[in-house]
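Start counting the sequence shown at 1; every next residue gets the next number (full-length UniProt numbering).
Ideal Cβ positions, reconstructed from N, Cα and C, are used throughout, including at glycine.
Fair warning: this is a prediction, and the values are worked out from it, not measured in the lab.
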Amino acid sequence: MRVIEILPARLDNSMYHYVQSFTNNEVGGKQLLNIRPYELEQLGMLSIGHQEIVLEAVEYLKNFNYNLDKENLQFLALHVASASQSLSKQLKYSDQTKLETQILKDITRTVAALKPLIGWLDRVPFRGQKQFDELRTRIMQLGLEMATMAMRDRFSVKPVESICSTADKLGKIADYIIQDISDPMVLQPASLELVTLKKRESDLGFLIMPSLNGIHR
Numbered sequence: 001m002r003v004i005e006i007l008p009a010r011l012d013n014s015m016y017h018y019v020q021s022f023t024n025n026e027v028g029g030k031q032l033l034n035i036r037p038y039e040l041e042q043l044g045m046l047s048i049g050h051q052e053i054v055l056e057a058v059e060y061l062k063n064f065n066y067n068l069d070k071e072n073l074q075f076l077a078l079h080v081a082s083a084s085q086s087l088s089k090q091l092k093y094s095d096q097t098k099l100e101t102q103i104l105k106d107i108t109r110t111v112a113a114l115k116p117l118i119g120w121l122d123r124v125p126f127r128g129q130k131q132f133d134e135l136r137t138r139i140m141q142l143g144l145e146m147a148t149m150a151m152r153d154r155f156s157v158k159p160v161e162s163i164c165s166t167a168d169k170l171g172k173i174a175d176y177i178i179q180d181i182s183d184p185m186v187l188q189p190a191s192l193e194l195v196t197l198k199k200r201e202s203d204l205g206f207l208i209m210p211s212l213n214g215i216h217r
């Protein structure tokens, strides 16, 4: 499937008016997999929101190709633990009065690592189990706290100390998932089910609606 077919068909209706620009500039799959925000701007995609839609979709595509057979809850928790512990160490040795640019990047990376973990916890077999529901809620709360404090660092009291504390809490939750949860499902990778439609011109009888985190319902 060509890139110009992927944009409107796989992403969002807002992508339609970018198709011509991608066609004129002969954007191929290899370029798309390595595309950067400034390159999207050069293609006429000035809206940050639209750039995020494309960049997030590319990340899902990479993940689908490279991590499908090994990604599991413990694997994602390990990413969170690594990011949050690295952030905590950076903060402890940084300027305690303000958030430096590199620290803001590390905060963004940590929050980004939370999204797939929350996405897994929000799906079966984990959703509906008290233990995992409580973990999901707590992780979401801490992630929101961290993002909010990063955006308001000029108005926050001791922002570095507060974010460091939040990062430590996230690290402990991730370590708990990795070390203490005995449910074997935390080690179970995702499965891929393929369905072949024999008559593509016929209606399916139901609609497949895209929602958050690359999930289709």
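- Item | Length of the line joining the Cα atoms of LEU170 and HIS79 | On the sequence shown, position 170 is the one that residue 170 refers to. On the sequence shown, position 79 is the one that residue 79 refers to. LEU170 and HIS79: Cα-Cα distance of roughly 11 Å.
- Proximity test, THR108 beta-carbon vs the ligand ADP heavy atom, cut-off 7 Å: Annotation note on the ligand ADP: not contained in the displayed structure, which lists no ligands.
- Query: Would PRO159 pass as a contact of MET149 if the rule is Cβ separation under 8 Å?
  - Reply: As a first step, residue 159 must be located in the sequence shown, where it is residue number 159. As a first step, residue 149 must be located in the sequence shown, where it is residue number 149. Contact flag set, yes.
- Task: Inspect the beta-carbon positions of PRO189 and GLU71 and report whether they are closer than 8 Å.
- Result: The sequence position of residue 189 within the sequence shown is 189, counting from 1. The sequence position of residue 71 within the sequence shown is 71, counting from 1. Their beta carbons are under 8 Å apart, which means PRO189 touches GLU71 by this criterion.
- With a 10 Å radius around its C-beta and 16 neighbouring C-beta atoms as the bar for buried, classify PHE22 as buried or exposed. Within the sequence shown, the letter at position 22 stands for residue 22. It is buried - the Cβ of PHE22 has at least 16 other Cβ atoms within 10 Å.
- Assumed close pair residue 292, GLN90 - CB separation to whole angstroms, cut-off 8 Å: Given that the chain is displayed from residue 1 to residue 217, the structure contains no residue 292 and the question cannot be resolved.
- Item | CB contact flag (ILE178, ALA81, <8 Å) | Within the sequence shown, residue 178 is the residue found at index 178, counting from 1. Within the sequence shown, residue 81 is the residue found at index 81, counting from 1. Yes, Cβ-Cβ distance for ILE178 and ALA81 is below 8 Å.
- Task: Give me the Cα-Cα distance between TYR38 and SER47, rounded to the nearest whole angstrom.
- Result: Counting from one through the sequence shown, the residue named residue 38 turns up at place 38. Counting from one through the sequence shown, the residue named residue 47 turns up at place 47. Taking the straight line joining both Cα atoms gives about 11 Å.
- Query: What are the start and end residues of the alpha helix (DSSP H) that includes ASP95?
  - Reply: The residue you call residue 95 lines up with position 95 of the sequence shown. From DSSP, ASP95 is part of no alpha helix (DSSP H); its letter is neither H nor E.
- Query: If you draw a straight line from the C-alpha of SER86 to the C-alpha of LEU114, how long is it?
  - Reply: Within the sequence shown, the letter at position 86 stands for residue 86. Within the sequence shown, the letter at position 114 stands for residue 114. Distance between the alpha carbons of SER86 and LEU114: 14 Å.
- Close-in-space but distant-in-sequence residues of the same chain around PHE132 (CB under 7 Å, 5 per side omitted): Here residue 132 is taken as the residue at index 132 of the sequence shown, counted from 1. Same-chain partners within the cutoff: LEU121, PHE126.
- Give the secondary structure of ASN213 by DSSP, where H, G and I count as helix, E and B as strand, and everything else as coil. Numbered from 1 along the sequence shown, position 213 holds the residue referred to as residue 213. With a pLDDT of only 48 at ASN213, under 50, the local geometry of the prediction cannot be trusted, and no value is derived from it.
- Query: How many Å lie between GLN20 and ASN63 at the Cα?
  - Reply: As a working note, residue 20 is residue 20 in the sequence shown. As a working note, residue 63 is residue 63 in the sequence shown. Cα to Cα, GLN20 sits roughly 27 Å from ASN63.
- Whose C-beta lies closer than 8 Å to the C-beta of LEU43 among residues of the same chain, with five residues either side of it excluded? Position 43 of the sequence shown, counting from 1, holds the residue named residue 43. Taken in chain order, the residues that qualify are TYR18, SER21, PHE22, ASN25, VAL27.
- DSSP on LYS158, reduced to helix/strand/coil? Here residue 158 is taken as the residue at index 158 of the sequence shown, counted from 1. The answer is coil: DSSP assigns LYS158 none of H, G, I, E or B.
- Message: Using a 10 Å radius around the Cβ and a threshold of 16 neighbouring Cβ atoms, would you call LEU40 buried or exposed?
- Response: One-based indexing of the sequence shown puts residue 40 at position 40. So LEU40 counts as buried.
- What does a CB cutoff of less than 6 Å around THR110 pick up in its chain, not counting 5 residues either side in sequence? The residue you call residue 110 lines up with position 110 of the sequence shown. Counting only residues of its own chain and dropping the five nearest sequence neighbours on each side, THR110 has a CB closer than 6 Å to the CB of ALA83, SER84, LEU87.
- Item | Rounded C-alpha distance that separates GLY29 from ILE35 | Residue mapping note: residue 29 aligns to position 29 of the sequence shown, counting from 1. Residue mapping note: residue 35 aligns to position 35 of the sequence shown, counting from 1. The alpha-carbon atoms of GLY29 and ILE35 are separated by roughly 10 Å.
- Is the beta carbon of ALA77 less than 8 Å from the beta carbon of ALA167? Here residue 77 refers to the residue found at position 77 of the sequence shown. Here residue 167 refers to the residue found at position 167 of the sequence shown. No, they are not a contact pair.
- Minimum length 4: unbroken alpha helix (DSSP H) runs contained in the segment 23–74: Within the segment 23–74, complete alpha helix (DSSP H) segments of at least 4 residues are found at 29–33, 37–42, 48–66, given in chain order.
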